[in-house]
Amino acid sequence: MASMMRHTEKSTWMSGYALLTPAFLVMAVMMVAPLLALLALSFWTQSGFEIDRTPTLANYWTIIEPSDEPFFWMGIPFPFKYPPPAVLMLKSIVVSLVATVLVILLAYPMAYFLAFRVKRNKTLWLVLLTIPFWTSYLLRVFSWKIVLGYNGAINSALKTLGLIDQPLEFLLYNPAAVAITLAHAWIAFTVLPIYVSLEKIDPSLLEAATDLGDTKWRRFLRVTLPLSAPGTIGAAMLVFIPTVGDYVTPMLVGGPGGTMIGNLIQELFLRQNNAPLGAAVAIIMMFIIGALVAFFFWVIGFRKLRSRVS
Amino acid sequence: MRNTFSPLTVYAALFMIFLYGPVLMIPLFSFNDSLFTTFPLKGFTFKHYGTMAANTGMLNALRNSIVVAVCSSIIATAIGLLAAIALTRNRLPGNAIILAAFSLPLIVPSIVFGVAILIIMLKFLGIALSLWTVGAAHVFICIPFSMTVLMSRLEGFDKSLEEASRDLGENAWMTFYRVTLPLALPGVISSLLLCFITSFDEFVLAFFLAGTDPTLPVYLFGQLRFPNKLPGMLALGTSILMLSTMLVLLAEFFRKRGVQANVPGDA
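Chains as they are written, first to last, in my numbering: chain A, 24 to 333; chain B, 419 to 685.
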């Protein structure tokens, strides 16, 4: 009997994996193989229009090769012969971090409102928050060019109201514009995950805190916030990781001073015809993002945090 | 009912203005009788839409986008449905890892996949860039969406319905056709619509993989460099936003209806 059970269990596994085969195939062809190809390419070199397939670390050396005369960006010395990858990597991390913090600070109260204050028309609120998630990223980013531009909505409105004579030039084409635009473009991805983690909180825990004499604010800090932390941190990762490599936003609203690491990768592949170096930059970017995320989880003790919730 | 007008309510209203305000500038200025996106508004006009509709380059890109979006949404939904059945009906070893792996396309910066797929096509497989390469990439990024929608749908209904069908003598295929598929149908429609929008609006991968035949977002991006094309692009952007919004509402309708029709005793 037991062996028959084992047999049927095994056959459902088999049919389960059979149903997954097409999805696995797509992942293998469109994700695993391309990433391996990218890794391989990063060890090759470009010579003219040909690719020299002799394995070498030359591209990685180009990225970290030291120089005696450091390049200065924002007063920070970068002692590299070819500083763009290091400078843009740091800048991308800072800009993404600012955008992520902005997103969480703005999205959390909204999610809180949705979870605890909205009683009627909840579906309407949820749908209103879902629509931007699905609408064109390109258009959401582009709209900021209309808002912040030299001849844009804010400048012309302020001029019409007689508050300024000359358009404010500092609005667009700088890292701050990139951070604000990124925050706006990605905020739709975060309200719902935070909302879900707040919604799951057992109301009796909140009642218990009140009964035991906690004020509203202390209850929030000691019960609500810690219990929603894993969902909120997850949402933050969902913003931080993809935005480090974003190149659409810097291209549209960043100007020359607002470029990020994604722009360099795109340049190397499409303009400067140095795909191997671009591949090495992309690999290092992924490695650094992965290391940062792992370090962050280690510092906050994510495992402990999550086990406390469940 | 105190707290109806608390600071948090005010904040929520401001949040919605922040969320929608900038995007609504696109439709606002698309009806403005001016070449510039400046206040004060000049006058109401439809002429930018006329300019847009007469643009053959735009129409070609529109056709490309529709073909790619229809094909990739159908393929992604079919693959996603099989995978969703596998993951909800069986406690497979490694379920969690499989799910995490399938959500990678949503987390890894798209530029990485853009360049990675670009080089495997051009340098390793020797496949020229075309709408096919864009379509393949779109199937890839649509599968996680399709799986999410369909898994929540399949988890919502009783497994015993399928078992009953099997006990009554239907084979696996007929059970799928007569029980699973009809029950999953609202989810399937929702998945088709959401995958369509995802592909239709996708820019980064299409930008790297489209070759000479652009999809609509790639075409629109190319035109943004020319200031005199701006009004027509605002009209195009408005049309795209309206289409996406309508499809999302439709998808949400099917998803919600599916869930509600399934509440026990709510027949």
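Every residue gets a Cβ at the ideal spot worked out from N, C-alpha and C, and that includes glycine.
Rounded separation between residue i and residue j - CA only
i, j, result
"ASP619 (chain B)", "CYS560 (chain B)", "12 Å"
"MET24 (chain A)", "ALA303 (chain A)", "For MET24 (chain A), the predicted structure reports a pLDDT of 42, less than 50, and the residue's modelled location is therefore unreliable. A value from the coordinates is still provided. Whole-angstrom Cα-Cα distance: 56 Å."
"PRO635 (chain B)", "PHE621 (chain B)", "6 Å"
"ALA317 (chain A)", "LEU522 (chain B)", "16 Å"
"LEU499 (chain B)", "VAL606 (chain B)", "8 Å"
"ASN589 (chain B)", "MET50 (chain A)", "30 Å"
"ILE535 (chain B)", "PHE193 (chain A)", "37 Å"
"MET592 (chain B)", "LYS577 (chain B)", "16 Å"
"ALA518 (chain B)", "LEU524 (chain B)", "10 Å"
"ASN144 (chain A)", "GLU230 (chain A)", "25 Å"
"ALA202 (chain A)", "LEU579 (chain B)", "51 Å"
"GLY278 (chain A)", "GLY512 (chain B)", "46 Å"
"TRP167 (chain A)", "ILE312 (chain A)", "27 Å"
"SER15 (chain A)", "VAL533 (chain B)", "In this structure chain A extends from 24 to 333, so residue 15 (chain A) is not present and cannot be described."
"PRO6 (chain A)", "ILE217 (chain A)", "Because chain A spans 24 through 333 in this model, residue 6 (chain A) falls outside it and cannot be assessed."
"LEU603 (chain B)", "GLU670 (chain B)", "13 Å"
"ILE88 (chain A)", "MET309 (chain A)", "Reading off the sequence shown, one finds Glu at residue 88 (chain A), where the question assumed Ile. Distance between the alpha carbons of GLU88 (chain A) and MET309 (chain A): 20 Å."
"SER662 (chain B)", "ILE615 (chain B)", "6 Å"
"LEU426 (chain B)", "PHE139 (chain A)", "11 Å"
"ARG673 (chain B)", "VAL150 (chain A)", "12 Å"
"MET539 (chain B)", "ASP225 (chain A)", "51 Å"
"PHE136 (chain A)", "THR44 (chain A)", "42 Å"
"PHE320 (chain A)", "ALA258 (chain A)", "13 Å"
"THR123 (chain A)", "PHE325 (chain A)", "18 Å"
"PRO190 (chain A)", "LYS460 (chain B)", "19 Å"
"PHE243 (chain A)", "PRO132 (chain A)", "12 Å"
"SER115 (chain A)", "GLY98 (chain A)", "17 Å"
"ARG492 (chain B)", "LEU186 (chain A)", "Contrary to the premise, residue 492 (chain B) reads as Ile rather than Arg in this sequence. Each residue's alpha carbon lies about 54 Å from the other."
Assigned exposure category for residue i - 16 Cβ within 10 Å defines buried
i, result
"LEU599 (chain B)", "exposed"
"ILE284 (chain A)", "buried"
"THR495 (chain B)", "buried"
"MET28 (chain A)", "Residue placement at MET28 (chain A) is poorly supported in this model, since its pLDDT is 46, which falls under 50; the coordinates still yield a value, given next. It counts as exposed."
"ASP684 (chain B)", "Residue confidence is low: ASP684 (chain B) scores 37 on pLDDT, short of 50, so the model does not pin down where it sits. No coordinate-derived value is stated."
"VAL164 (chain A)", "buried"
"ALA624 (chain B)", "buried"
"LEU128 (chain A)", "exposed"
"LEU147 (chain A)", "exposed"
"LYS647 (chain B)", "buried"
"SER26 (chain A)", "Any reading at SER26 (chain A) must be qualified, since the residue scores a pLDDT of 46, below 50, and its modelled position is unreliable; the value itself is stated next. So SER26 (chain A) ends up on the exposed side."
"ASP188 (chain A)", "exposed"
"ALA109 (chain A)", "buried"
"ASN282 (chain A)", "The sequence given here places Thr at residue 282 (chain A); Asn does not occur at that position. Looking at its Cβ environment, which holds 16 or more other Cβ atoms inside 10 Å, THR282 (chain A) is buried."
"ILE515 (chain B)", "exposed"
"MET651 (chain B)", "buried"
"ARG359 (chain B)", "There is no way to answer for residue 359 (chain B), as the model of chain B reaches only from 419 to 685."
N- and C-terminal bounds of the alpha helix (DSSP H) containing residue i
i, result
"TRP357 (chain A)", "Within the shown structure, residues of chain A are numbered from 24 to 333, placing residue 357 (chain A) beyond reach of any answer."
"GLY313 (chain A)", "298-323"
"ILE224 (chain A)", "Note, ILE224 (chain A): premise wrong, no alpha helix (DSSP H); not H, not E."
"LEU641 (chain B)", "The sequence shown places Gln at residue 641 (chain B), rather than the Leu named in the question. Run containing GLN641 (chain B): 634-641, per the alpha helix (DSSP H) assignment."
"GLY145 (chain A)", "Here the sequence assigns Lys to residue 145 (chain A), which means Gly is not the residue at that position. Looking at the DSSP string, the run of the alpha helix (DSSP H) that includes LYS145 (chain A) is 145-157."
"ARG571 (chain B)", "549-574"
"GLN289 (chain A)", "284-293"
"PHE436 (chain B)", "425-448"
"SER119 (chain A)", "107-135"
"VAL201 (chain A)", "198-209"
"GLU580 (chain B)", "577-585"
"SER608 (chain B)", "599-619"
"MET260 (chain A)", "248-267"
"LEU162 (chain A)", "160-171"
"ILE760 (chain B)", "Only positions 419 to 685 of chain B appear in the structure, and residue 760 (chain B) is not among them; the question remains open."
"VAL141 (chain A)", "Counting along the chain, VAL141 (chain A) falls outside any alpha helix (DSSP H), and DSSP gives it neither H nor E."
Partners in chain A for residue i, counting only beta-carbon separations shorter than 8 Å
i, result
"TYR429 (chain B)", "PRO132, MET133 and PHE136"
"SER548 (chain B)", "Neighbours of SER548 (chain B) on chain A: none; closest Cβ ~15 Å, over 8 Å."
"GLU670 (chain B)", "VAL150 and THR153"
"ARG443 (chain B)", "Checking the sequence, you will find Met at residue 443 (chain B) rather than Arg. By Cβ distance, chain A contributes SER166, ILE169, VAL170 and ALA176."
Residues that residue i contacts on chain A, provided the C-beta gap is smaller than 9 Å
i, result
"GLY655 (chain B)", "SER159, LEU161, LEU162, PHE165 and SER166"
"PHE462 (chain B)", "Those do not exist, as PHE462 (chain B) stays about 17 Å from chain A at its closest Cβ, beyond 9 Å."
Contact list for residue i against chain B, beta-carbon separation under 7 Å
i, result
"SER179 (chain A)", "THR456 and PHE457"
"ASP269 (chain A)", "PRO527"
Interface partners of residue i on chain C, CB under 7 Å
i, result
"ALA298 (chain A)", "Of the protein chains in the structure, A and B, none is chain C."
Chain A residues whose Cβ lies nearer than 7 Å to that of residue i
i, result
"SER662 (chain B)", "TRP157, THR158 and SER159"
"VAL666 (chain B)", "THR153, ILE154 and TRP157"
Cross-chain neighbours of residue i in chain B, by beta carbon under 8 Å
i, result
"TRP36 (chain A)", "ASN508, LEU510 and PRO511"
Chain-ordered chain B contacts of residue i [CB-CB under 9 Å]
i, result
"LEU221 (chain A)", "None at all; the shortest Cβ gap to chain B is about 13 Å."
TODO: Tell me the start and end of each unbroken beta strand (DSSP E) in the region 34-102 of chain A that is at least 3 residues and wholly inside, in chain order.
DONE: 68-70, 73-75 and 89-96
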